[in-house]
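Only one structure is covered here, and it is reproduced in the block below.
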Amino acid sequence: MTKILLLEDDISLIDGLEYALRKNGFDIETIRTVSGAIERMRLSVEYDLLLLDVTLPDGTGFDVCEKVRAAGSQIPIIFLTAADEEVNVIRGLDIGGDDYITKPFKIGELCSRIRALLRRTQYNAKPLVYSGHLSMDFAESRVTMDGTPVELTRAEYRLLSLLVRNTDRIVTRDAILEALWDNTGDFVDDNTLSVYIRRLREKIEPDPSQPRHLMTVRGFGYRWVP
5 MTKILLLEDD
15 ISLIDGLEYA
25 LRKNGFDIET
35 IRTVSGAIER
45 MRLSVEYDLL
55 LLDVTLPDGT
65 GFDVCEKVRA
75 AGSQIPIIFL
85 TAADEEVNVI
95 RGLDIGGDDY
105 ITKPFKIGEL
115 CSRIRALLRR
125 TQYNAKPLVY
135 SGHLSMDFAE
145 SRVTMDGTPV
155 ELTRAEYRLL
165 SLLVRNTDRI
175 VTRDAILEAL
185 WDNTGDFVDD
195 NTLSVYIRRL
205 REKIEPDPSQ
215 PRHLMTVRGF
225 GYRWVP
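The working numbering puts the last residue of the sequence shown at 230; the count rises by one with no breaks.
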């Protein structure tokens, strides 16, 4: 079961979040102060994801994020922010946060964000993957074909990473769109995805018009064939 640390001081919000997240299959531990959350992390308590309110009585969720990243942890972090704090979240993303959601929010959207972030974390767990003539160095965010570097945009890299991680398995278009969803302004819709697929084939396929690796599964999505 996915274990989440919730840092939140609003009791009414805590009750609702704990109930809803547990109902959705998550194991929740709630801390109400920044100092308490930092102490839990210092004790090396293992969590799969941190859900951090921005404004707390003794500091901010940013303080916890900075401590966690300074310690070298890459644990996924989502910020909970009020509407008037949204502009400050740029700071949170710059210091290592992965996503944010603005209050009030729907619990379904929060759960979807959590699952998408956990999937992206799992895709990047292995540092180096070989697939036929292609190799992906996830630690360096680098792709090569037969030793020659392949220049990719950030979105193209994330798309290729998702497909290679799921070699020989169909990845639906909906799953790809959710995994590529980005709060930094890189909105990906169905038409944009088709453009990314075409551009990616032009960079990694010997003959983009007759792809051998990035295959379309009509009516479902795409599959990477090494």
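A virtual CB, placed ideally from N, CA and C, is assigned to each residue, including glycine.
{"query": "Within 10 angstroms of its Cβ, does phenylalanine 30 collect 16 or more other Cβ (buried), or is it exposed?", "result": "buried"}
{"query": "Going by the beta-carbon positions, is the gap between serine 145 and tyrosine 134 smaller than 8 Å?", "result": "no"}
{"query": "Give the secondary structure of aspartate 19 by DSSP, where H, G and I count as helix, E and B as strand, and everything else as coil.", "result": "helix"}
{"query": "With DSSP run on the structure shown, which of helix, strand or coil describes lysine 7?", "result": "strand"}
{"query": "Within 10 angstroms of the Cβ of leucine 132, are there 16 or more other Cβ atoms? Answer buried if so, exposed if not.", "result": "exposed"}
{"query": "Quick check on DSSP: helix, strand or coil for threonine 64?", "result": "strand"}
{"query": "Can you find the residues in the same chain that come closer than 6 Å, C-beta to C-beta, to arginine 73, ignoring five residues on each side of it along the sequence?", "result": "Gly100"}
{"query": "Tell me the DSSP bridge mates of aspartate 103?", "result": "Ile82"}
{"query": "If you pair each beta-carbon of the stretch 103 to 116 with each one of the stretch 162 to 173, do three or more pairs fall below 8 Å?", "result": "no"}
{"query": "DSSP beta-bridge partners for isoleucine 42?", "result": "Looking at the DSSP assignment, isoleucine 42 forms no beta bridge with any residue, so it has no partner."}
{"query": "At 3 residues or longer, and completely inside the stretch 190 to 224: list those beta strand (DSSP E) runs for me, N to C.", "result": "218 to 221"}
{"query": "Specify, as a first and last residue, the run of the beta strand (DSSP E) that tyrosine 51 falls within.", "result": "Where tyrosine 51 is concerned, there is no enclosing beta strand (DSSP E), given that its DSSP letter is neither H nor E."}
{"query": "Note down the Cα distance separating histidine 217 from arginine 203, rounded to an integer number of angstroms.", "result": "14 Å"}
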